[in-house]
Amino acid sequence: MSDNLACIGGQFVKAMINAIDGHPYPPHVSIDGGNVYSSIEGKTASGDPIFLSANFYPLSVDKTRQTNTVEMTASVAWNKGEVSAVIDTRTDRHNNNLPHVTTGGEGRELDDARQVLAKMSYDIVAAPKRCGLD
Numbered sequence: 081m082s083d084n085l086a087c088i089g090g091q092f093v094k095a096m097i098n099a100i101d102g103h104p105y106p107p108h109v110s111i112d113g114g115n116v117y118s119s120i121e122g123k124t125a126s127g128d129p130i131f132l133s134a135n136f137y138p139l140s141v142d143k144t145r146q147t148n149t150v151e152m153t154a155s156v157a158w159n160k161g162e163v164s165a166v167i168d169t170r171t172d173r174h175n176n177n178l179p180h181v182t183t184g185g186e187g188r189e190l191d192d193a194r195q196v197l198a199k200m201s202y203d204i205v206a207a208p209k210r211c212g213l214d
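In terms of the numbering used here, the sequence shown opens at residue 81 and continues consecutively.
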C-alpha cells in the first residue's frame, strides 16, 4: 500500500510543478495513516505567489458509498489579500467523477488559481488509478 501512496505523492508533485512557473522551495509530501498530503509554493503565470496542495484520502466514507477522494487547492496571495479555488473530486468504485469546485475571492488572481487547478486536474485525478488504487 505505501508504494502506491508514494507513487500518488510523486504524481501530485509532478502535476503541481508542471502547473506553476517557479518553485523556490522543494515540494512537500507526507503519508499519514494512508492519506497522502502534498504541497508546493511557486508563482502563477501573472507572477503572483501561489500555494498549491493536493491530498488523497483513500476510501473515505461518504453518505452513500466508500470513495477515493482527491482534493486540490490553489491559493494565490497578492498585495490585497488571498484568493483560493478548490476542486474536490470524489471517485467512487465505478470511477464516476463528481467534481465540486469552491472558490473564494475575485478578479485576475482567482482566474489564475482556477487556471492552475485546471492544469493540475487531469493528472491529479488520474493518479490513484495510475498508481494501482482505484
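We put the beta carbon where it would ideally sit given N, CA and C, even for glycine.
| field | 6 Å Cβ shell around G185 - same chain, five flanking residues per side excluded | value | V163
| said: By the three-class DSSP mapping on this structure, what secondary structure does G122 have? | reply: Look at G122 here: in three-state DSSP terms it is strand.
| Which residue's Cα is closest to the Cα of K209: N148, V166, P104? | Closest in C-alpha terms to K209, from the list N148, V166, P104, comes N148.
| field | Sequence-distant residues of the same chain with beta carbon closer than 6 Å to Y117, five excluded per side | value | S110, N135
| said: If the criterion is Cβ atoms closer than 9 Å, does the pair F131 and S119 meet it? | reply: For the pair F131 and S119, the CB atoms are nearer than the 9 Å cut-off.
| Do you know how far the Cα of L190 is from the Cα of H108? | 24 Å
| Hey, out of Y105, V93, A125, D203, whose CA is closest to S133's CA? | Ranking the options by Cα distance to S133, first place goes to V93.
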